Amino acid sequence: MTKHHIHQATFSWRQLGREALKESVYKLDPRKQIRNPVMFVVYIGAILVLAIGLDDLLRAHWSMAGFALAIDFWLWLTVFFANFSEALAEGQGKAQAASLRQARREVTAKRLREARRGAPWEEVAGATLRPGDLVVVEAGDAIPADGEAILGVASVDESAITGESAPVIRESGGDRSAVTGGTRILSDWLVVKITSAPGETFLDRMIRMVESAARRKTPNEIALAVLLVLLTIVFLVVTVTMYPFSWYSVHYAQHTGQVISTTVLVALLVCLIPTTIGALLPAIGIAGIMRLLQANVVAKSGRAIEAAGDADILFLDKTGTITYGNRQAAAFYPVPGVMEEDLADAARLSSLSDETPEGKSIVVLAEKRFPEHREALSGNARWVPFTAETRMSGVDEKGTSWRKGAPDAIKAWVKEKGGDWPETVGGDLEHIAGSGATPLVVALDGCVLGVVELKDIVKSGIKKRFGELRKMGIRTVMVTGDNPLTAAAIAAEAGVDDFLAEAKPEAKLARIRDYHDEGHMVAMTGDGTNDAPALAQADVAVCMASGTQAAREAANMVDLDSDPTKLLEIVRIGKQLLMTRGSLTTFSIANDVAKYFAIIPAAFVSTYPQLQALNIMQLSSPEHAILAAVIFNALVIPFLIPLALKGVKYRAVAAQALLRRNLFIYGLGGIIAPFIGIKLIDLILAWL
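For the sequence shown, our numbering begins at 173 and goes up steadily by one.
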């Protein structure tokens with residue numbers, strides 16, 4: 173099976189680079205520059221130095237003009253590189269949106285007058301459909317708009333949305349009923365109830381999410397931007413005060429040297445303010461969203477990605493995340509006095525209205541084991557479908573009731589009917605639950621017939637991954653509808669920190685609120701309508717693309733692969749985003765140390781010769797020292813663009829170890845690198 177993610181088919185880096193170069197020039201518009209205060213200061217400085225250089229040319233001050241224009245050239249390059257980093261990141265988002273648009277096309281629809289397969293239909297344009305309309309979609313047809321399958325079952329090609337070439341099954345009932353406009357039916361048919369208005373389909377919203385990703389700033393990004401602005405203001409005040417200090421020193425204190433020039437002051441200011449992180453900050457945030465898209469996850473906002481990086485509680489569904497999710501009926505355990513074939517047939521009848529895979533597996537097992545022992549029902553039977561609230565299913569006919577479901581739910585139903593709970597059932601429940609399987613109880617008119625065993629398997633390697641999360645300070649909580657005994661057995665095998673058994677929607681919601689009250693950040697996945705309240709409450713809410721409309725609306729991320737384990741990858745990407753921003757901020761601020769030793773002595777050595785002792789890099793001349801610092805300040809930005817887009821490599825280790833490692837690499841490295849870089853540039857300038 174080959175997967176082609178949506179971003180791979182749309183752009184090449186060469187094409188993306190060309191578009192980014194054009195966009196970088198367009199971003200020189202002052203109305204765009206002012207959005208980034210740090211780089212706007214550089215922008216104003218470049219204009220000012222350009223004016224000074226041109227004035228020196230007109231006055232025939234050739235050496236001063238050459239120095240000013242050389243400084244100005246690198247100041248403009250600094251601004252251009254900042255624009256390029258942001259344009260390159262934004263270009264990925266535009267390419268993603270263009271790819272998604274290719275999947276959206278105008279189609280005709282077969283609108284029904286009533287909800288049945290053979291009902292009369294009329295052909296209408298897909299754009300005219302409104303929520304509540306019914307359409308029939310057959311093999312070869314494109315689904316005209318988002319909706320819920322209310323009749324039928326079909327295999328659907330969703331590769332235009334997910335990039336996954338293998339078809340998926342969509343059917344009425346359960347949590348696999350949601351269909352997406354733009355996908356295509358490969359076999360069979362569906363009757364679909366439209367749930368979205370024109371322009372509001374899942375695909376339309378995805379395109380808007382991707383396109384708007386470049387414009388949204390997250391709270392952490394805003395806070396860091398405020399810090400960078402404050403640092404810029406501080407250095408601006410310090411730089412401005414240096415002119416009167418230099419003027420006083422030359423005219424009254426030392427009576428030697430030259431007053432520091434405006435060109436040198438601008439160069440000093442640009443080198444001291446955090447230009448590196450100021451230039452890369454927008455790209456880091458956008459690149460985080462793009463990395464999620466490369467994982468086939470669409471985030472509705474950057475806030476959700478940052479919350480994933482801060483999450484310390486993971487709510488994980490047992491089925492599909494911790495276990496393989498193909499829980500199947502394995503055996504029947506009748507109570508004394510009941511034949512196994514009678515139990516199997518009662519389980520079959522009570523599971524006919526259960527659309528879940530478990531319910532269907534019970535029907536399959538009963539028919540396979542006892543093909544001749546099948547009781548028929550009349551057309552007047554009343555079906556009781558399985559719901560997350562009741563946690564049981566069944567059928568009523570002529571005063572007889574069959575029920576199958578979770579032990580506590582059936583026990584309450586049996587008591588309500590005035591029946592007894594056999595002692596032998598408790599032993600079967602403990603035996604099945606203790607082995608990590610799931611027991612379901614079957615009853616007939618208040619009389620317990622026996623237990624059905626459902627088996628599932630814990631995924632290999634999941635315990636190790638949970639151990640890594642624990643090192644990161646993340647607590648894992650398994651959420652399951654199983655009874656506490658079964659849940660405890662699987663939790664122990666999987667290595668989770670806690671579990672929530674017999675989880676109803678209100679129980680999930682209450683547990684998340686409890687964690688919030690304790691100051692935790694919670695991430696969870698879900699796909700059903702019953703998950704919607706908890707998804708809306710969670711800080712990071714990931715909905716499967718195959719999920720219901722209610723779950724999609726409640727979530728702040730959508731996983732196009734419908735892979736519940738993707739939450740672990742999302743958390744890693746979130747932490748990588750925060751680490752990248754922190755690491756490059758550390759590197760940017762640490763850079764200033766070398767620049768002090770380059771520019772400060774060069775600016776004042778003619779007035780205070782003693783400052784030559786601070787020229788520890790032995791730079792060839794004051795002019796070369798200042799120019800080398802400005803050149804390094806500009807060139808470091810394109811060198812760091814790949815790191816900003818790719819992200820700092822994240823390791824699943826303790827936070828303290830991670831902090832020490834990054835301080836060593838980006839703190840100490842940020843101090844050492846400019847010393848080496850500025851010295852090399854000075855040698856080149858001296859040679860030229």
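Just so it is clear, CB atoms sit at the ideal spot from N, CA and C, and this is done for glycine as well. Computed from a predicted structure; not experimentally measured.
Judging by CA-CA distance, which residue of the options is the nearest neighbour of residue i?
| i | options | result |
| --- | --- | --- |
| K532 | G566, Q748 and H603 | G566 |
| E665 | P810, V364, F504 and F638 | F638 |
| F804 | R231, K194, Q790 and L247 | L247 |
| D526 | V556, V825, F504 and V536 | V556 |
| A797 | I853, H423 and G319 | I853 |
| D484 | Y687, A609, I432 and D654 | Y687 |
| D132 | C715, L740 and A723 | Residue coverage of the chain in this structure runs from 173 to 860, which leaves residue 132 outside it and unanswerable. |
| S792 | V535, G460, K851 and T367 | K851 |
| V364 | A287, S433, G450 and Y415 | A287 |
| A710 | D600, A479 and L857 | A479 |
| A281 | I366, L855 and G238 | I366 |
| V206 | P656, A397 and A682 | In the sequence on display, residue 206 carries Ile and not Val. The candidate whose alpha carbon is nearest that of I206 is A397. |
| P594 | I634, T528, P506 and F542 | P506 |
| D201 | I224, L229, M236 and N255 | N255 |
Can you list, in chain order, the residues of its chain whose CB lies under 7 angstroms from that of residue i, leaving out five sequence neighbours each side?
| i | result |
| --- | --- |
| Q180 | At Q180 the pLDDT is 41, less than 50, meaning the model places this residue with poor confidence and gives no usable figure here. |
| A518 | W574, V614, L616 and L621 |
| R563 | G577, A578, A581 and G653 |
| D227 | none |
| A723 | G698, D699, G700, T701, D703, A704, L707 and C715 |
| D482 | M693 |
| V125 | Lying before the first or after the last residue shown, residue 125 is absent from the chain, which here runs from 173 to 860. |
How would you write the range of the beta strand (DSSP E) that residue i sits in, first residue to last?
| i | result |
| --- | --- |
| S573 | T572 to G577 |
| Y505 | Q500 to P506 |
| D360 | R356 to I366 |
| G698 | V694 to G698 |
| K540 | K540 -> not in any beta strand (DSSP E); alpha helix (DSSP H) instead, spanning P529 to R541. |
Do residue j and residue i count as a contact pair if the criterion is CB distance below 7 angstroms?
| i | j | result |
| --- | --- | --- |
| P292 | R302 | no |
| M696 | I494 | no |
| Y822 | R744 | yes |
| I684 | A713 | no |
| L249 | V309 | no |
| A679 | A659 | no |
| D305 | R283 | yes |
| L749 | I477 | yes |
| T404 | V221 | no |
| L358 | D329 | yes |
| E640 | A845 | no |
Within the continuous alpha helix (DSSP H) that includes residue i, where are the two ends?
| i | result |
| --- | --- |
| T447 | T447 to Q466 |
| F776 | K738 to F776 |
| P209 | P209 to L230 |
| G429 | No alpha helix (DSSP H) contains G429, which DSSP labels as neither H nor E. |
| V521 | Per the sequence shown, residue 521 should be read as Leu rather than Val. Counting along the chain, the alpha helix (DSSP H) containing L521 begins and ends at E512 to S523. |
| R285 | Per DSSP, R285 belongs to no alpha helix (DSSP H) and is neither H nor E. |
| I684 | P677 to D689 |
| D600 | E595 to G606 |
Within 10 angstroms of the Cβ of residue i, are there 16 or more other Cβ atoms? Answer buried if so, exposed if not.
| i | result |
| --- | --- |
| M132 | Absent from the model: residue 132. The displayed extent of the chain is 173 to 860, so no value can be given. |
| Y838 | buried |
| D699 | buried |
| F836 | exposed |
| A439 | buried |
| T559 | exposed |
| K540 | exposed |
| A232 | exposed |
| L537 | buried |
| E294 | exposed |
| D628 | buried |
| S607 | exposed |
| T428 | exposed |
| W234 | exposed |
| P611 | buried |
| T413 | exposed |
Skipping 5 residues on each side, what residues in its chain have a beta carbon closer than 8 angstroms to that of residue i?
| i | result |
| --- | --- |
| T448 | L756, F759, S760, N763, N805, V808, I809 and L812 |
| E569 | L549, S550, N552, A553 and R554 |
| V442 | V213, V214, G217, L247, T250, V802 and N805 |
| F407 | L441, L444 and I445 |
| W859 | none |
Using C-beta distances below 6 angstroms, list every residue in its chain close to residue i, excluding the 5 sequence neighbours before and after it, in chain order.
| i | result |
| --- | --- |
| P370 | A299 |
| G849 | F804 |
| I843 | A762 and V765 |
| L260 | A192 |
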